[in-house]
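Shown next, in structure tokens, is the structure this report addresses.
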Amino acid sequence: MGPVPARASEGTAGGRVRVAGVGVDALTEGEVVRRVAAALAAGRGGRIVTPNVDICRAAAADPALRELVCSADIVVPDGMPLVWAARLLGTPLPERVTGADLIWSLSALAAGHGWPVYLLGGGPPEVARAAARELAGRHPALEIRGVHAPPYRFDDTPEGTDDVCRAVVAARPRLVFVGLGFPRQDRLIARLRAELPDAWFLGCGAAIAFAAGAVARAPRWAGRAGLEWAFRLAGEPGRLARRYLVDDLPFAARLLGGCLLTRLRDRTSGRARGRRPAG
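What follows is the structure in structure tokens.
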């Protein structure tokens, strides 16, 4: 059995809702975009993490990964189980905010302000290039400073990581979309933040492949129903079966079960306090 947070949602800490051991910002997609816009206009950079059940499971098992998530400037839930968990505990989050949506809304922001973007990752080089064409096709004013799909396990050596970082820094983007999967993308972003302090970074997982059309994205109704994992599993069963069925589903069940028990316990204790005679 994997680790389970002692309390699935623990109110707010530092203005964040704590869900599955991770502090999450109660922001809509539009509010994320406006916060990034204000920071970029002021010359400040930052990084965005969009945790889902899989990321929360990894963070629950590894304090270093939990810190990697929680230290981000913006943390928003890419996973309906996190939204449901927060709602059950009375600390609701306004909506699910995904990297696959933010890559489009942040590109629109960048196009409108002349802020150059960089695409890093996404799979084979042709996928990243196709994503760049799609983004530029929808937003003709968008300036794409670079597109780079590093080879698999490029970060096994310091030299491989250095080469990638040098290419991104030389391009001087203001927005960088990094689709290398958690935690690889987030570790790389943490390093790049020091070298590009005025840029914003989005760790976006499969969003570049979605934007390219190389991987089909689930219909919106499936995302709202918390069934996007089932759609993706049907498309890539060999790669995703263990992650979703063996690792993530049990974690999500324990998370939501713990939330429900906590809510029932809190209600019971509240009724007991209400019946207590005055002293």
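As numbered in my numbering, residues 927 to 1205 make up the sequence shown, in order. Cβ atoms here follow ideal geometry from the backbone N, Cα and C, with glycine treated the same way.
Practice problem: List the residues that DSSP assigns as beta-bridge partners of I981. | Solution: For I981, which the question treats as bridged, DSSP gives no partner whatsoever.
Quiz item: Which stretch, first to last residue, makes up the beta strand (DSSP E) that contains H1074?
Solution: I1070 to H1074
Quiz item: Apart from the five residues just before and just after L1028, which ones in its own chain have a Cβ nearer than 8 angstroms to its Cβ?
Solution: E955, V958, V959, I974, T976, L1128, C1130 and A1133
Quiz prompt | Y1044 in three-state terms, based on DSSP | solution = In the structure shown, Y1044 sits in a strand (DSSP, three-state: E or B).
Quiz prompt | Closest residue to R1119 among L1171, L994 and L1068 (Cα-Cα distance) | solution = L994
Quiz prompt | Under the three-state DSSP convention, the category R1079 falls into | solution = If DSSP states are grouped into helix, strand and coil, R1079 belongs with coil.
Self-check item: Which of helix, strand or coil DSSP assigns to V1023
Solution: Shown here, V1023 sits in coil according to DSSP, grouped into three states, outside any helix or strand.
Quiz item: Starting from F1127 and walking both ways along the beta strand (DSSP E), at which residues does that stretch end?
Solution: W1126 to G1129
Quiz prompt | C-beta contact flag for V948 and A985 at 8 angstroms | solution = yes
Quiz item: beta strand (DSSP E) containing R973: first to last residue?
Solution: G972 to V975
Quiz item: Between L1045, V1043 and C982, which lies nearest to M1006 when the distance is taken from Cα to Cα?
Solution: C982
Exercise. For G1048, decide whether its Cβ has a neighbour in chain C, counting only Cβ atoms nearer than 8 angstroms.
Key: Of the chains in the structure shown, none is chain C; there is only one protein chain.
Quiz prompt | Local Cβ density within 10 Å of G1049, reported as buried at 16 or more and exposed below that | solution = buried
Quiz item: In the DSSP assignment, what residue or residues form a beta bridge with G949?
Solution: R944
Quiz prompt | Unbroken stretches of the beta strand (DSSP E), 3 residues or longer, contained in the segment 1085–1151 | solution = 1101–1105 and 1126–1129
Quiz item: Does the Cβ-Cβ distance between L1101 and A1036 come in under 8 angstroms?
Solution: yes
Self-check item: Helix, strand or coil at V962 [DSSP, three-state]
Solution: helix
Quiz prompt | Residue interval of the alpha helix (DSSP H) (run including L1153) | solution = It is not in any alpha helix (DSSP H) - L1153 carries neither H nor E in the DSSP assignment.
Exercise. Using 10 angstroms around the beta-carbon of P989, count the other beta-carbons present and answer buried if the total reaches 16, otherwise exposed.
Key: exposed
Exercise. Would you grab the beta carbon distance between Y1044 and G1072 for me? Rounded to a whole angstrom, and I think it's under 8 angstroms.
Key: 5 angstroms
Quiz item: Cβ atoms of L966 and W1147: under 8 angstroms apart, would you say?
Solution: no
Quiz item: Between A1178 and the rest of its own chain, which residues show a CB-CB distance below 6 angstroms, the 5 nearest in sequence each way excluded?
Solution: V979 and P1007
Practice problem: Measure how close the beta-carbons of A1057 and A1138 come, nearest whole angstrom, since I'm counting them as under 8 angstroms. | Solution: 4 angstroms
Quiz item: Which term fits V1001, buried or exposed, when burial requires 16 or more other beta carbons within 10 angstroms of its beta carbon?
Solution: buried
Quiz item: Taking all protein chains shown into account, do 16 or more other C-beta atoms lie within 10 angstroms of the C-beta of L1019, making it buried, or fewer, making it exposed?
Solution: buried
Exercise. Run the CB neighbour count on E1121, radius 10 Å, all protein chains shown included, and call it buried at 16 or more, exposed below.
Key: exposed
Quiz item: Relative to the C-alpha of L1153, which residue among D1174, G1164 and A1140 is closest?
Solution: D1174
Quiz item: Would you call the CB atoms of D1081 and L1046 closer than 8 angstroms?
Solution: With respect to the 8 angstroms criterion, D1081 and L1046 are not classified as neighbours on the basis of their beta carbons.
Quiz item: For D1004, is the classification buried or exposed, using 16 other Cβ atoms within 10 angstroms of its Cβ as the cut-off for buried?
Solution: buried
Quiz item: Roughly how many whole angstroms lie between the Cα atoms of G1030 and L1068?
Solution: Reading off the sequence shown, one finds Trp at residue 1030, where the question assumed Gly. Cα to Cα, W1030 sits roughly 11 angstroms from L1068.
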